[in-house]
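A.B. asks: The structure is given below, and queries will be raised subsequently.
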Amino acid sequence: MTTHSKVRQTLASLEGAKATMDSYIAITQDEKAREIFRRNAQKLEVVLERLKKRMGEIEFEEPQFKGF
Numbered sequence: 046m047t048t049h050s051k052v053r054q055t056l057a058s059l060e061g062a063k064a065t066m067d068s069y070i071a072i073t074q075d076e077k078a079r080e081i082f083r084r085n086a087q088k089l090e091v092v093l094e095r096l097k098k099r100m101g102e103i104e105f106e107e108p109q110f111k112g113f
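What follows is the structure, given as structure tokens:
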């Protein structure tokens, strides 16, 4: 498995985790729990942005991976 595919797989997993947190935010009644989910979703968003940037760098350095 290449670094590109590992990063892409990690990116997909984290996007799924963020989507799950977003759904928990929507359905949770407890305001304290909702705030915890919201804070963690924001942290995941930062990580996702960094990974997307890294993915762009990988695709720039290794053009054969662009579009996969």
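Numbering-wise, the sequence shown is residues 46 to 113 according to the numbering used here.
Virtual Cβ for every residue (Gly too), placed ideally from N, Cα, C.
Source: prediction; values computed, not measured.
Would you report the Cα separation of L56 and L96, rounded to the nearest angstrom?
C.D. replies: L56 and L96: Cα-Cα distance of roughly 7 Å.
A.B. asks: Looking at A86: is its Cβ nearer than 8 Å to the Cβ of K63?
C.D. replies: Yes. Within cutoff.
A.B. asks: At the level of alpha carbons, what is the spacing between M100 and V91?
C.D. replies: Their backbone Cα atoms lie some 14 Å apart in a straight line.
A.B. asks: Express the C-alpha separation of R53 and I72 in angstroms, rounding to a whole number.
C.D. replies: So the alpha carbons of these two residues sit roughly 29 Å apart.
A.B. asks: Q74 to K98, Cα distance in whole Å?
C.D. replies: If I take the Cα positions, the gap works out to 35 Å.
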